[in-house]
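> What follows is a single structure, and I will ask about it in a moment.
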Amino acid sequence: MNFKKTQIGKLIIAVSLTMNLVSCKEEEAVTTSTTSTEVPAVYKKVYGATSITSDGTYITFKTKNLPDHKSPYYATSNALYEAYIGTTFGGNTFKKNPNTISELSVTVKIPLNPKVDATHAATPLGAIGIALNGVAFFNQYAGPNNQALTNEIVSFDKYYGHPQNSGVYHYHVEPLYLTTVKSTKSGLMGFLLDGFPVYGPQEENGTTVTSSQLDAYHGHTHTTIDYPNGTYHYHFTADAPYLNGSGYYGTPGTITQ
Ligand SMILES: [Zn+2]
Ligand SMILES: [Zn+2]
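My numbering applies: residue 525 is where the sequence shown begins, and numbers increase by one.
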């Protein structure tokens with residue numbers, strides 16, 4: 525009897541030790557998941573970034589700003605160089621500008637939890653966001669002094685991008701390589717600096733979005749595949765202002781190059 529009691533006693537100690545170990549592990553697991561430097565899946569869709577990190581407040585993308593598609597704006601020695609003769613955005617006849625694509629070292633920092641900002645800061649000339657392929661988004665104006673894009677549109681290549689005078693390749697309008705090759709017309713295209721996502725010119729049900737359906741900042745709120753709980757988002761549209769209206773919806777992060 526004594527022998528049996530000892531054995532049972534040992535068993536109870538062993539079981540309680542095991543349970544303690546299990547509960548310790550569970551606590552550790554909970555602690556790990558609350559340290560939120562993990563990058564949410566939606567940001568990993570920016571496949572052209574050379575790195576994507578989170579500090580729990582901002583998502584930071586690093587990019588060389590090089591399009592992953594052919595362009596007549598690459599140096600002729602580049603494997604992605606391709607001459608182009610034909611039409612471009614709006615049915616205009618393509619006319620190459622004198623610039624060439626440069627490799628850059630860009631850091632784009634956007635809020636992890638974007639929020640509306642009543643000041644709606646105007647978007648500046650230059651990069652205002654990042655596309656899935658790591659290329660910059662620009663607004664509806666040309667430099668200097670916010671001129672209309674009219675004279676620039678003819679120089680958009682067959683994927684509707686072009687470089688400015690220091691070689692920064694960018695999209696002002698629908699990035700056609702993303703909407704037709706890498707994603708779809710209703711897919712995620714990237715993010716503006718305020719952290720809100722940018723979608724293509726259609727909704728997921730196939731309807732085409734026009735500027736008149738959007739607010740002054742060129743967006744609206746509803747659920748998407750990437751955001752099942754709903755989010756504010758911008759859309760590219762065929763009609764001006766194409767991507768952004770009169771400012772950011774939220775508080776912009778930073779872009780350095
Ligand atoms: Zn431009
Ligand atoms: Zn929408």
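No residue lacks a Cβ here, since even glycine has one placed at the ideal position from N, Cα and C.
Assess contact between the region 735-750 and the region 588-599, defined as three or more Cβ pairs (one per stretch) separated by less than 8 Å. Is contact present?
No, the region 735-750 is not in contact with the region 588-599.
> From the DSSP output, in three-state form, read off Ser578 for me.
Counting from one through the sequence shown, the residue named residue 578 turns up at place 54. Reduced to three states, the DSSP call for Ser578 is strand.
> What do you get for Ala565, buried or exposed, if any count of 16 or more other CB atoms within 10 angstroms of its CB means buried?
On the sequence shown, residue 565 is found 41 positions in, with the first residue counted as 1. Label assigned to Ala565: exposed.
> Does the pairing of the region 666-681 with the region 616-629 give three or more beta-carbon distances under 8 Å?
Judged by Cβ distances under 8 Å, the region 666-681 makes contact with the region 616-629, as three or more pairs qualify.
> Since Leu656 and Gly719 are thought to touch, with beta carbons under 8 Å apart, how far apart are those beta carbons, to the nearest angstrom?
As a first step, residue 656 is located in the sequence shown; it is residue number 132 there, counting from the start. As a first step, residue 719 is located in the sequence shown; it is residue number 195 there, counting from the start. Leu656 to Gly719, Cβ: 15 Å. No contact.
> Using alpha carbons as the reference points, say which of Thr612, Ser626, Val563 lies closest to Leu590.
Stepping through the sequence shown from its first residue, residue 590 is reached at position 66. That would be Ser626, whose Cα lies nearest to the Cα of Leu590.
> Helix, strand or coil: how does DSSP classify Asn589 here?
Against the sequence shown, residue 589 aligns to sequence position 65. Asn589 falls in the coil class under three-state DSSP.
> Please report the straight-line C-alpha distance between Thr775 and Gly743, rounded to a whole angstrom.
On the sequence shown, residue 775 is found 251 positions in, with the first residue counted as 1. On the sequence shown, residue 743 is found 219 positions in, with the first residue counted as 1. Cα-Cα distance, rounded: 15 Å.
> By DSSP's criteria, Val678 is part of a beta bridge. Which residues make up the other side?
Here residue 678 refers to the residue found at position 154 when the sequence shown is read from its first residue. According to DSSP, Val678 bridges with nothing at all.
> Count Cβ pairs between the region 632-641 and the region 576-585 that sit closer than 8 Å; are there 3 or more?
Short answer: they touch.
> Is it buried or exposed for Ser710, if we count other Cβ within 10 angstroms and need 16 for buried?
Sequence index remark: in the sequence shown, residue 710 carries index 186 (1-based). So Ser710 ends up on the buried side.
> How far does the beta strand (DSSP E) with Phe715 in it reach, from first residue to last?
Start at 1 with the first residue of the sequence shown, and residue 715 comes out as number 191. Phe715 -> beta strand (DSSP E) spans 712-716.
> Verify whether the separation of the beta carbon atoms of Phe760 and Gly730 is less than 8 Å.
The residue labelled residue 760 in the question sits at position 236 within the sequence shown. The residue labelled residue 730 in the question sits at position 206 within the sequence shown. Cβ distance not < 8 Å, so Phe760 and Gly730 don't count as in contact.
> Which of the three DSSP states, helix, strand or coil, is assigned to Ser770?
Locating residue 770 in the sequence shown gives position 246, counting from the first residue. If DSSP states are grouped into helix, strand and coil, Ser770 belongs with coil.
> Report back the beta-carbon spacing between Asn768 and Ile677 to the nearest angstrom; my notes put them in contact at under 8 Å.
The residue labelled residue 768 in the question sits at position 244 within the sequence shown. The residue labelled residue 677 in the question sits at position 153 within the sequence shown. Rounded, the Cβ-Cβ distance is 16 Å, inconsistent with contact.
> Residue range of the beta strand (DSSP E) that Ile779 falls in?
Translated into the one-based positions of the sequence shown, residue 779 becomes position 255. Per DSSP, Ile779 belongs to the beta strand (DSSP E) from 778-780.
> Is Tyr741 near ligand 2, judged by its Cβ being under 7 Å from some heavy atom?
In the sequence shown, the residue the question calls residue 741 occupies position 217. No; taking the cut-off as 7 Å, the Cβ of Tyr741 has no heavy atom of ligand 2 nearer than that.
> Going by C-alpha to C-alpha distance, which of His746, Ala642, Ser578 sits closest to Ser770?
For the purposes of this step, residue 770 is taken as the residue at position 246 of the sequence shown. That would be Ala642, whose Cα lies nearest to the Cα of Ser770.
> So is Asn663 buried or exposed if we call it buried at 16+ other beta carbons inside 10 Å?
On the sequence shown, position 139 is the one that residue 663 refers to. Result: buried.
> Could you give the DSSP three-state label for Thr775: helix, strand or coil?
Residue mapping note: residue 775 aligns to position 251 of the sequence shown, counting from 1. Thr775 falls in the coil class under three-state DSSP.
> Where Ile609 and Gly572 are concerned, what is the direct C-alpha to C-alpha distance, given to the nearest angstrom?
For the purposes of this step, residue 609 is taken as residue 85 along the sequence shown, with counting starting at 1. For the purposes of this step, residue 572 is taken as residue 48 along the sequence shown, with counting starting at 1. Roughly 27 Å separates the two Cα atoms.
> For the putative contact between Ala646 and Val692, defined by C-beta atoms under 8 Å, what is the C-beta separation to the nearest angstrom?
To locate residue 646, count along the sequence shown from 1; it is residue 122. To locate residue 692, count along the sequence shown from 1; it is residue 168. Not really, about 19 Å apart at Cβ, beyond 8 Å.
> Can you tell me the Cα-Cα spacing of Lys586 and Leu712, whole angstroms?
Residue 586 sits at position 62 when you count from the first residue of the sequence shown. Residue 712 sits at position 188 when you count from the first residue of the sequence shown. Each residue's alpha carbon lies about 19 Å from the other.
> Determine whether the beta carbon atoms of Leu628 and Gln781 lie at a separation below 8 Å.
By one-based count along the sequence shown, residue 628 stands at place 104. By one-based count along the sequence shown, residue 781 stands at place 257. Closer than 8 Å, so yes.
> For ligand 2, any of its heavy atoms closer than 7 Å to the Cβ of Tyr723?
Indexing the sequence shown from 1 puts residue 723 at position 199. Yes - ligand 2 has a heavy atom lying nearer than 7 Å to the Cβ of Tyr723.
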